[in-house]
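Chemist:
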Amino acid sequence: MARKNESIAVTGLNTFVGREVVKRLTRDGRRVVGIDLDRPRDLPQSVQFYKVDLTLPTSDAILADIFRREKVGRLIHLSFLSRPSRNVSWQHELQVIGTLHLLHACAAENVKQIVVKSRTMVYGAHPLNPNYLTEDAPLRGVDGYRWVGDLVEVEQILQRYRSRHLDANVISLRFAPILGPTVRNVFTLLFGQPAVMTLFGYDPLWQLVHEEDAIAAVLRAADADANGAFNIVGRHVLPLSSLIYLAGRVNLPVPHPLAYGLVRTAWLAGASPVPAEHLDYARFLWVADGARAEAALGFVPTYSTRETMEQFAGVQRLRDAHLAA
Amino acid sequence: MNKAVDTLDRLAALEQELFRTYARLGIRRTPLPPVDKTDPESVALHVEWIEKELAALERLLERRVRQNRPRSLGERLRSLNPSRLTGRAALLGLTEPAASVDPFGRDDRIYEQLRPWIQQLFEEYWRVEVEGLPNLPSDGAALMVANHGGLLPFDALMIRYAVQELHPAGRIPRFLLEDWFMRMPALNILLQRLGAVRGSRDNARKLLEKGDVVGLFPEGAKGVTKPWRDRYRVQRFGRGGAIRLALEAGVPIIPVAVVGNEETYPLLGKAPLPRNSDFNFFPITPLFPWLGPAGLMPLPSKWMIRFGEPIEMGDFPESAADDDILVNTLNEELRGRIQEMVNQLLQRRRSPWLG
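First to last, the sequence lines map onto chains A and B.
The first sequence begins at 480 in our numbering and counts up one residue at a time.
The second sequence begins at 30 in our numbering and counts up one residue at a time.
1) Indicate whether V716(A) and P780(A) have their beta-carbon atoms separated by less than 8 Å.
2) Whose C-beta lies closer than 8 Å to the C-beta of H801(A) among residues of the same chain, with five residues either side of it excluded?
3) Which one of P126(B), L276(B), M173(B) has the shortest CA to CA distance from G343(B)?
4) 8 Å is my cut-off, CB to CB: does R227(B) come that close to chain A?
5) Go through its chain and collect everything with a Cβ distance to G116(B)'s Cβ below 6 Å, but skip five positions before and after it.
6) Which stretch, first to last residue, makes up the beta strand (DSSP E) that contains V551(A)?
7) Does the Cβ-Cβ distance between W626(A) and P563(A) come in under 8 Å?
8) Considering only C-alpha positions, which residue in the set P145(B), E238(B), Q221(B), R265(B) is nearest to L172(B)?
9) Please check the pair L165(B) and F336(B), which I expect to be a contact at CB under 8 Å, by giving their CB distance rounded to whole angstroms.
10) Indicate whether at least one CB of chain A lies closer than 8 Å to the CB of D241(B).
11) By Cβ distance, which residues of its chain are closer than 7 Å to V662(A), with the 5 residues on each side in sequence left out?
12) Decide if G122(B) is buried, meaning its Cβ has at least 16 other Cβ atoms within 10 Å, or exposed.
13) Could you give the DSSP three-state label for R158(B): helix, strand or coil?
14) Evaluate L370(B) with the Cβ neighbour count: other Cβ atoms within 10 Å of its Cβ, from every protein chain shown; 16 or more gives buried, anything less gives exposed.
15) Applying the 10 Å Cβ sphere with the 16-neighbour rule, what's the burial state of V595(A)?
16) Since R639(A) contacts V590(A) with CB under 8 Å, what's their CB separation in whole angstroms?
17) Name the chain A residues that come within less than 7 Å of F133(B), Cβ to Cβ?
18) Span of the beta strand (DSSP E) holding T677(A)?
19) Counting only C-beta atoms, is Y724(A) closer than 8 Å to chain B at any point?
20) Return the first residue and the last residue of the alpha helix (DSSP H) that R230(B) is part of.
21) Return the CA-CA distance between H757(A) and Y624(A), expressed in angstroms with no decimal places.
22) What are the residues in the region 166-187 of chain B lying within 8 Å of chain A by C-beta distance?
23) Starting from the C-beta of I694(A), find all residues in its chain whose C-beta is less than 8 Å away, skip the five residues before and the five after it, and write them out in chain order.
24) Using a beta-carbon distance cut-off of less than 7 Å, what residues from the region 249-279 of chain B approach chain A?
25) Could you give the residue range of the beta strand (DSSP E) that holds L300(B)?
26) Taking 8 Å as the CB-CB cut-off, is L581(A) touching chain B?
27) At the level of alpha carbons, what is the spacing between E194(B) and R364(B)?
28) Straight-line CA distance for A748(A) to T534(A)?
29) Under 8 Å, do D692(A) and Y611(A) count as touching if we go by C-beta distance?
30) In chain B, which residues lie less than 8 Å from V716(A) when you measure between Cβ atoms?
31) With C-beta atoms as the reference, is L678(A) less than 8 Å away from A738(A)?
32) Please state the DSSP three-state secondary structure of M600(A).
33) Taking 8 Å as the limit between beta carbons, can you name the residues of its chain near Q704(A), skipping five residues before and five after?
34) Would you mind listing the beta strand (DSSP E) stretches within the region 302-347 of chain B that are 3+ residues and don't spill past its ends, in chain order?
35) Determine whether the beta carbon atoms of N360(B) and F266(B) lie at a separation below 8 Å.
36) Roughly how many angstroms lie between the CA atoms of A225(B) and L206(B), to the nearest whole one?
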């Protein structure tokens, strides 16, 4: 358990997981140091907030200073984009260089527990993937998909850090798409559209993880005596077509040679929430095995992929009728 | 008093009928529970038991009649239920998404919808003769290794039908897919919903750990794309992956010989295709491409499937899987055994078409 006078630093307070994790940590009476660009309106009073731009070249010194002053013993790093940005260089600065700066500060101040949010997307969707990817599988990403490529780079940086700081627990949590009643991200955006474009003749298995389970996994990892990468996935799998059906959306299969061109154009025109490379995830398998998280973190998902989608769909229906935000 | 006699008469009649039904179905009698004919309550219970048993037998009989009754052509076509099938573009992911699939993506509704078609192929079109089915254990993991032929994996479908419909345990075997299929639009969905999984070591190990029957064709693409003159010459068995798998998992190998698959698509020639194409070559058969899409129809050869005696792999130490020479020797032995079984079947089959 946490040492008495140490505090726990959280980045990305404005992300869904960040907001919820901070709420629960303060509720448990933990001393939380929040780091972000903007102070969230509903940030609990007890949180020490610091406005830091992780992309600044000198942010590592600033962070080290904060860590020392606040006696930070643990870091939960969640400031990653919840959807791909067209500004790929800023995206890279925030996700990769930002992580690097944080790790510099961790090394300087001897932070012993580092939890970083990643995605099972880092494995890449590939026809040769085994049905259940373990954490040792190569991180292929998707060629040209910079948003995911950044996370692959982050994972490599973490691996290097791990091998140099053997006394620190460096945990990366690879989340399946997080869905649920309140979370908003690229997947809720896609499943919230009236019609979901899929690729004709392809219907890969998908898995989701419920937002509550995602939060629980982060909280567990923050205090776990474990090291390495862990897949955080919900129970069971379903074909993409079934998920679209459960979401109450129209499945719009487009032949893939056409679809990639369409989405590429739409992305450039600002009409698509994802670039063409995202379509790979609707074409090939990228289901991950959650066994290691259960063994090492004691994380067992409460919700199945189906239940997760049903909960999202229930609230989305209200949103469609402008009855919910 | 009279009523009690009635009941006893009824009991005797019911018993008679039960025994007749047993005889008609040709199955072993379930021993009747003891009954005290002086106690009305015991008699009533007994009558109830027999009625239940009769109802169960009735269902069994109905199923058998449905399966075995000689049927008119119209009836047969109706049983194929083409309207239902076309309504099920689900294979393409267009309609009726799966309510649930198993961890490897099998959706049993797809097999059920295709079953009449598969049955037709099995019984009427290819007239598949099956032998040695009891060699497949009724429970526990097992690895079926078979010879491969004829461009499309109909041999897997026929082996599956034999195991699922004719073996008393009704097990559903799972076949390992050549990587190529995973890229093929529509076909990849169909095969995975039917229960096939990509042939990777991880996948196969997981299935065997679950206690499944796993089927594989170690010849892979070499088997199905060999020219017509090399038919029924069992090709190299990969690099011993099947043996290694069985050694590691300690499961028996069931050698399976299939005859008839090679004639479904006699491969007369292979025209080259551009390098970046999804297909490695353009097949030329007696019907394809001359008849267009209709040329994809497999030919009505006479099929035979033989399940050989299990080869136990549990006696080897676990480290045997790392002994490359041992693995290669066992692999070659297995190939030889299957080739021998194929040869025997071929000798018995006088004509490739009439059998």
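Ideal Cβ placement from N, Cα and C applies to all residues, glycine included.
Modeler: Reading it off the structure:
1) Residue 716(A) sits at position 237 when you count from the first residue of the first sequence. Residue 780(A) sits at position 301 when you count from the first residue of the first sequence. Cβ atoms of V716(A) and P780(A): not closer than 8 Å.
2) Within the first sequence, residue 801(A) is the residue found at index 322, counting from 1. Excluding residues within five positions, none has a Cβ falling inside 8 Å.
3) For this step, residue 343(B) is matched to residue 314 along the second sequence. Minimum Cα-Cα distance from G343(B) among the listed residues P126(B), L276(B), M173(B) corresponds to L276(B).
4) For this step, residue 227(B) is matched to residue 198 along the second sequence. So yes, R227(B) belongs to the interface.
5) Mapped onto the second sequence, residue 116(B) falls at position 87. Low per-residue confidence applies at G116(B): pLDDT is 49, beneath 50, and the placement is therefore not dependable, though the value from the model is reported in the following sentence. The answer is none, since no qualifying residue turns up.
6) In the first sequence, residue 551(A) corresponds to position 72, counting from 1. Element bounds for V551(A): 551-556.
7) Here the question's residue 626(A) lines up with position 147 in the first sequence. Here the question's residue 563(A) lines up with position 84 in the first sequence. Contact: yes.
8) By 1-based counting over the second sequence, the position of residue 172(B) is 143. Taking only the C-alpha atoms, the option nearest L172(B) is E238(B).
9) Your numbering for residue 165(B) matches position 136 in the second sequence. Your numbering for residue 336(B) matches position 307 in the second sequence. Distance from L165(B) to F336(B) at the Cβ level is roughly 6 Å; contact confirmed, criterion being Cβ atoms closer than 8 Å.
10) Mapped onto the second sequence, residue 241(B) falls at position 212. It does not; no Cβ of chain A falls within 8 Å.
11) By 1-based counting over the first sequence, the position of residue 662(A) is 183. F495, E690, listed in sequence order.
12) Mapped onto the second sequence, residue 122(B) falls at position 93. Low local confidence applies: a pLDDT of 44 at G122(B) is under 50, so the model's placement there is unreliable, and no value is given.
13) Against the second sequence, residue 158(B) aligns to sequence position 129. Correcting the residue type first, residue 158(B) is Glu in the shown sequence and not Arg. Three-state result, E158(B): strand.
14) One-based indexing of the second sequence puts residue 370(B) at position 341. Note on identity: in this sequence residue 370(B) is Met, with Leu being the wrong assignment. Counting Cβ neighbours within 10 Å, M370(B) comes out buried, since at least 16 surround it.
15) What you label residue 595(A) is simply residue 116 of the first sequence in a count that begins at 1. Counting the other CB atoms within 10 Å of its CB gives V595(A) a total of 16 or more, which places it among the buried residues.
16) Residue 639(A) sits at position 160 when you count from the first residue of the first sequence. Residue 590(A) sits at position 111 when you count from the first residue of the first sequence. Wrong, their Cβ atoms sit about 16 Å apart, outside the cutoff.
17) Here residue 133(B) corresponds to residue number 104 of the second sequence, with the count starting at 1. In chain order: N610.
18) On the first sequence, position 198 is the one that residue 677(A) refers to. That run of the beta strand (DSSP E) goes 674-678.
19) If you number the first sequence from 1, residue 724(A) lands on position 245. Cβ-Cβ to chain B under 8 Å: yes for Y724(A).
20) By one-based count along the second sequence, residue 230(B) stands at place 201. For R230(B), the enclosing alpha helix (DSSP H) starts and ends at 230-238.
21) Walking along the first sequence from the start, residue 757(A) turns up at place 278. Walking along the first sequence from the start, residue 624(A) turns up at place 145. If you take the alpha carbons of H757(A) and Y624(A), they lie about 7 Å apart.
22) Listed by position along the chain: nothing, the set is empty.
23) For the purposes of this step, residue 694(A) is taken as the residue at position 215 of the first sequence. Counting only residues of its own chain and dropping the five nearest sequence neighbours on each side, I694(A) has a CB closer than 8 Å to the CB of V496, E499, V500, R503.
24) Cβ contacts with chain A come from no residue of the region 249-279 of chain B.
25) Position 271 of the second sequence holds residue 300(B). The question names Leu, but residue 300(B) is Ala in the sequence shown. For A300(B), the enclosing beta strand (DSSP E) stretches over residues 298-301.
26) For the purposes of this step, residue 581(A) is taken as residue 102 along the first sequence, with counting starting at 1. Answer no: the Cβ-Cβ gap between L581(A) and chain B never drops below 8 Å.
27) Residue numbering aside, residue 194(B) sits at position 165 when the second sequence is read from its first letter. Residue numbering aside, residue 364(B) sits at position 335 when the second sequence is read from its first letter. E194(B) and R364(B): Cα-Cα distance of roughly 27 Å.
28) Taking the first residue of the first sequence as position 1, residue 748(A) is located at position 269. Taking the first residue of the first sequence as position 1, residue 534(A) is located at position 55. The straight-line gap from Cα to Cα measures roughly 27 Å.
29) As a working mapping, residue 692(A) is identified with position 213 in the first sequence. As a working mapping, residue 611(A) is identified with position 132 in the first sequence. Going by C-beta atoms, D692(A) is not nearer than 8 Å to Y611(A).
30) Residue numbering aside, residue 716(A) sits at position 237 when the first sequence is read from its first letter. Within chain B, V130, P132, G134 have C-beta atoms less than 8 Å from the C-beta of V716(A), given in sequence order.
31) By one-based count along the first sequence, residue 678(A) stands at place 199. By one-based count along the first sequence, residue 738(A) stands at place 259. The answer is yes: Cβ separation under 8 Å.
32) Looking up residue 600(A) in the first sequence gives position 121. Residue state for M600(A) is assigned as helix, using DSSP reduced to three classes.
33) In the first sequence, counting from the first residue as 1, residue 704(A) sits at position 225. Reading off the sequence, residue 704(A) comes out as Asp, not Gln. Answer for D704(A): N648, listed in chain order.
34) Runs found: 310-313, 333-336.
35) For the purposes of this step, residue 360(B) is identified with residue 331 of the second sequence, where counting begins at 1. For the purposes of this step, residue 266(B) is identified with residue 237 of the second sequence, where counting begins at 1. In this structure, F266(B) lies closer than 8 Å to N360(B) by Cβ.
36) Numbered from its first residue, the second sequence carries residue 225(B) at position 196. Numbered from its first residue, the second sequence carries residue 206(B) at position 177. Rounded to whole angstroms, the gap between the alpha carbons of A225(B) and L206(B) is 6 Å.
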